[in-house]
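Structure first, then comments.
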Amino acid sequence: MSLAEEYTEASEDSRLERGLAYVQRNSRAYLLIAPAALFLLAVVGYPIIETFRLSLYRSPADSTIETFVGLQHYVEIFDSDIFYRLLWQTGRWVLAGVAGKTVLGLLIAVHLKGDIRGRKFFRTAFLIPWGIPYAISAVVFRWIEHPQFGYLNAILLKLGVIEQGIGILGNPSIAWLGVVVADIWIGTPFMAIIFLAGLQSIPQELYEAAAIDGAEKWHQFRYITLPQLKSVILIATLLSTIWTFVSFDVIWTMTGGGPISSTATLVIHIYQVGLQNGNLGRGAAYSVIGFLFLLVFAIIYLRIYTRGGDEL
Amino acid sequence: MTMAGHDRSGLRKVRLYGVLLALLGLMMLPFYTMFSSTFKPESEIFSAPATLFPSDPSFQAYVEVWSQTDVLLWIGNSFIISLGTVVLTLLLAIPAAYSCARNDFVGKRTFLLSVLVVQMFAPVVLIVGLFDVITQFGLFNTYLAVIIPAAAFTLPFNVWMLYGYFKTIPVALEESARIDGASQLQILTKIVLPLTKPALVASITYTFLYAWNRLLFVLTFLTDSAKYNIPRGVFSMVGALQTDWRMMLTVSVIGIIPLLILFAFLEEYIVAGMTAGAVKE
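If you read the protein sequences in the order shown, they are chains A and B. FYI, UniProt numbering numbers position 244 of the first sequence as 244, with every residue one higher than the one before it. FYI, UniProt numbering numbers position 202 of the second sequence as 202, with every residue one higher than the one before it.
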């Protein structure tokens, strides 16, 4: 054995020893995080691996036999028109949803910022749509949009906008709008609360200085509020994008993805294919594609979150 | 201040409250349709076009709902699922968060960041894999089939919330208790946790709401209707051809009343929890 080999062996030995000694010294720290870490590995980590594995197999609903098919599911998905239609439907769903939530949320926050009497009441009231079961909000919106007995039609008829009741959720070209309205209603409170907190951290002196300079309200909003709020808006819209992308309960309860799949998004399709039709392999392949989208969002989020040094 | 200036600020106030009330009205409209419909008799609810105000308000629906639906069972199940999730999540989150706040060790950063990623990993893209795992472990159609995934997806929020709060509690407090002979567990339960109350309340409320509100896990892992919770119960009342809207909306109202009480008392904690991840001080 050469001297060099002896040396590396010795250092590897001592590295292992040092490692063990380190774990032993910090054993209590590791023991305390172990249950949480193991739990997440079992309930989140393992299903992720299982999803990847399943996506390489064909597993018909009517049998328990799995056949290895490699990347065939992915090839078929990228070859199908359904996939591109889903991308388009998911895209417009997310864009419209996030835009609506952001604008409405900002509007509410800006008006709640000042010295408002009963702010606690307003804040609580605005919070409620966010905190109740999505399925309940969904059935309420179904009821509002009911083609015969709904309030929306009643109001529109009364105002003379329409002459006959319209069935929004039954019409493939506008059904998604009827659903996205409900999703905006549910998601707006979160944005409003986040923006309000962000607004309250803007130094008041900035506005006072601007007022002395004679800046108008709109200019104050444009040149003080928006720039100061930039990072909060960035994080809030990113989180909202993720949540809108994976929104399931609302769509599932309002339309189940229909009519003729016009309200289906990627995650709705995952559920239909993987669990409703029992095609686990194909559903898993769609899930992996969903992972990739989320991964991109997650990387951006972590970048923003850990930006500016060590915060942990 | 001149008269003109006074007028203008008064006008601004009127406009401000006007816009606020209009926004509030817009956001409350769905609740109005829900509540007002439950006070209509059967014949009125199914009349087109809808009447905007109940012509002859009655509480009849709230009398019938107990016998015509399983609302009591669903509420009970909702409590079982929500409280179970809260307990499981806290049992896992408190030690982990405490360990991270008090020690520096290799892997801590990795642990905290991967926990953050889990929060982003929406359950619905994992549902196919989860379904496989839940059935493998024989948990299908048990409360645990819902509680376990719900705990996994609320754990990240809890760990981060408590971790941030534990860090603000001075170590000196614990050291003096240790000198007085208190055990590690005593220190945690008698000294640290009471001081963590705001973060604990925020964590518990968030977890409770999460488990109460979600349909996905119950829809997928519980087919036994005796274990349905409120969202699943409401969902089951949506008929393919016919829906008893009056009963369904009444169940909905009853299903959100516990939450309204929660909001009224704990609004500040909920807001603190919501802003924790997005607004850095």
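Just so it is clear, CB atoms sit at the ideal spot from N, CA and C, and this is done for glycine as well. Here the structure is a predicted model, which is why all the values come from computation and not from measurement.
Applying a beta-carbon distance threshold of less than 9 Å, which residues of chain B neighbour residue i?
i: residue 320 of chain A; result: Past the edges of chain A, shown from 1 to 312, lies residue 320 of chain A, and the structure says nothing about it.
i: lysine 120 of chain A; result: Glu267 and Glu268
i: asparagine 153 of chain A; result: Ala48, Pro49 and Ala50
Report yes if the C-beta distance between residue i and residue j is below 7 Å; otherwise report no.
i: valine 71 of chain B; j: valine 63 of chain B; result: no
i: tyrosine 134 of chain A; j: valine 250 of chain A; result: yes
i: valine 94 of chain A; j: phenylalanine 293 of chain A; result: no
i: phenylalanine 166 of chain B; j: tyrosine 98 of chain B; result: yes
i: alanine 197 of chain A; j: threonine 205 of chain B; result: no
i: leucine 40 of chain A; j: valine 118 of chain B; result: yes
i: threonine 196 of chain B; j: threonine 154 of chain B; result: no
i: leucine 20 of chain B; j: histidine 146 of chain A; result: no
i: valine 161 of chain A; j: isoleucine 148 of chain B; result: no
i: valine 288 of chain A; j: serine 55 of chain A; result: yes
i: valine 146 of chain B; j: tyrosine 46 of chain A; result: no
i: methionine 120 of chain B; j: alanine 285 of chain A; result: no
i: alanine 175 of chain A; j: threonine 255 of chain A; result: yes
i: valine 159 of chain B; j: valine 106 of chain B; result: no
i: glutamine 148 of chain A; j: alanine 101 of chain B; result: no
i: isoleucine 77 of chain A; j: phenylalanine 68 of chain A; result: no
Taking the continuous alpha helix (DSSP H) assigned at residue i, which residues delimit it?
i: phenylalanine 221 of chain A; result: Counting along the chain, phenylalanine 221 of chain A falls outside any alpha helix (DSSP H), and DSSP gives it neither H nor E.
i: tyrosine 210 of chain B; result: 197 to 213
i: lysine 158 of chain A; result: 151 to 159
i: serine 158 of chain B; result: A small correction: the amino acid at residue 158 of chain B is asparagine; serine does not occupy that position in the sequence shown. Taken as a continuous stretch (DSSP letters only), the alpha helix (DSSP H) holding asparagine 158 of chain B covers 144 to 166.
i: valine 250 of chain A; result: 249 to 254
i: lysine 120 of chain A; result: 119 to 131
i: glutamate 175 of chain B; result: 171 to 179
i: glutamine 136 of chain B; result: 123 to 136
i: serine 80 of chain A; result: Premise fails: serine 80 of chain A is in no alpha helix (DSSP H) and is neither H nor E.
i: aspartate 183 of chain A; result: 175 to 200
i: glutamate 145 of chain A; result: Glutamate 145 of chain A -> no alpha helix (DSSP H), and no H or E assigned at all.
i: proline 47 of chain A; result: 46 to 54
i: proline 231 of chain B; result: 230 to 236
i: lysine 108 of chain B; result: 108 to 120
i: isoleucine 260 of chain A; result: No alpha helix (DSSP H) holds isoleucine 260 of chain A; DSSP gives it neither H nor E.
i: alanine 50 of chain B; result: First-last for alanine 50 of chain B: undefined, no H or E at that position.
i: valine 267 of chain A; result: 266 to 271
i: isoleucine 233 of chain A; result: 230 to 245
i: serine 78 of chain B; result: 71 to 102
i: serine 287 of chain A; result: 280 to 306
i: residue 304 of chain B; result: With chain B running from 1 to 281 in the structure shown, residue 304 of chain B is simply not present.
Compute the beta-carbon to beta-carbon distance between residue i and residue j, rounded to the nearest angstrom, for a pair I have assumed lies under 8 Å.
i: valine 253 of chain B; j: threonine 38 of chain B; result: 6 Å
i: alanine 36 of chain A; j: leucine 92 of chain B; result: 4 Å
i: leucine 209 of chain B; j: valine 124 of chain B; result: About 18 Å; that fails the 8 Å criterion.
i: arginine 232 of chain B; j: leucine 249 of chain B; result: So it is not a contact: roughly 17 Å between Cβ atoms.
i: alanine 192 of chain A; j: phenylalanine 121 of chain A; result: That pair is no contact at about 14 Å.
i: alanine 151 of chain B; j: arginine 214 of chain B; result: Not a contact, Cβ separation roughly 12 Å.
i: tryptophan 245 of chain B; j: tryptophan 143 of chain A; result: 6 Å
i: leucine 73 of chain B; j: alanine 226 of chain B; result: 7 Å
i: glycine 129 of chain B; j: isoleucine 48 of chain A; result: 6 Å
i: isoleucine 270 of chain A; j: glycine 290 of chain A; result: 6 Å
What in chain A is Cβ-close to residue i, meaning under 8 Å?
i: isoleucine 148 of chain B; result: Val43
i: valine 192 of chain B; result: Within chain A, no residue comes near valine 192 of chain B; the closest Cβ sits about 13 Å away, beyond 8 Å.
Going along chain B in order, which residues have a C-beta closer than 8 Å to the C-beta of residue i?
i: glycine 258 of chain A; result: Chain B residues near glycine 258 of chain A: none, gap ~12 Å exceeds 8 Å.
i: arginine 123 of chain A; result: Glu267 and Val271
i: glycine 91 of chain A; result: What glycine 91 of chain A touches in chain B: nothing, since even the nearest Cβ is about 17 Å away.
i: histidine 111 of chain A; result: Leu16, Val19, Leu20 and Leu23
i: threonine 102 of chain A; result: Within 8 Å Cβ-Cβ: nothing; threonine 102 of chain A doesn't reach chain B, min ~13 Å.
i: glycine 165 of chain A; result: Ala48 and Pro49
Along chain A, in chain order, which residues have C-beta atoms closer than 7 Å to that of residue i?
i: serine 252 of chain B; result: Ile136, Val139 and Val140
i: asparagine 103 of chain B; result: Asn26 and Ala29
i: leucine 92 of chain B; result: Pro35, Ala36 and Phe39
i: phenylalanine 263 of chain B; result: Thr124, Leu127, Ile128 and Gly131
i: aspartate 244 of chain B; result: Within chain A, no residue comes near aspartate 244 of chain B; the closest Cβ sits about 11 Å away, beyond 7 Å.
Is residue i near the ligand GTP - that is, is its Cβ less than 6 Å away from at least one heavy atom of it?
i: tyrosine 84 of chain A; result: The ligand content of the structure shown is nil, which means the ligand GTP is not present either.
Could you work out which residues of chain B lie near residue i, taking near to mean beta carbons separated by less than 7 Å?
i: glutamine 148 of chain A; result: Ala48
i: isoleucine 202 of chain A; result: None at all; the shortest Cβ gap to chain B is about 11 Å.
i: glycine 290 of chain A; result: Val125
Name the chain A residues whose beta carbon is nearer than 9 Å to that of residue i?
i: asparagine 213 of chain B; result: Gly131, Ile132, Pro133, Tyr134, Ala135, Ile136 and Asp249
Between the segment 278 to 287 of chain A and the segment 72 to 81 of chain A, are three or more C-beta pairs nearer than 8 Å?
Here the segment 278 to 287 of chain A lies against the segment 72 to 81 of chain A, with 3 or more beta-carbon pairs under 8 Å apart.
Any 3 or more C-beta pairs closer than 8 Å across the segment 184 to 202 of chain A and the segment 124 to 138 of chain A:
yes
Does the segment 138 to 154 of chain B touch the segment 221 to 238 of chain B, meaning 3 or more C-beta pairs lie closer than 8 Å?
In the pairwise beta carbon analysis, the segment 221 to 238 of chain B is classified as touching the segment 138 to 154 of chain B: at least three pairs are separated by under 8 Å.
At a cut of 8 Å, does the segment 229 to 243 of chain A reach the segment 88 to 103 of chain A through at least three beta carbon pairs?
yes
Tell me whether the segment 224 to 235 of chain A and the segment 198 to 207 of chain A touch, counting them as touching only if at least three CB pairs, one residue from each stretch, are closer than 8 Å.
Contact between the segment 224 to 235 of chain A and the segment 198 to 207 of chain A is present, because at least three Cβ pairs lie under 8 Å.
At a cut of 8 Å, does the segment 254 to 270 of chain A reach the segment 74 to 89 of chain A through at least three beta carbon pairs?
yes
Contact between the segment 169 to 178 of chain B and the segment 106 to 114 of chain B is defined here as three or more beta-carbon pairs at a separation below 8 Å; is this criterion met?
Because the criterion of three Cβ pairs below 8 Å is not met, the segment 169 to 178 of chain B and the segment 106 to 114 of chain B do not touch.
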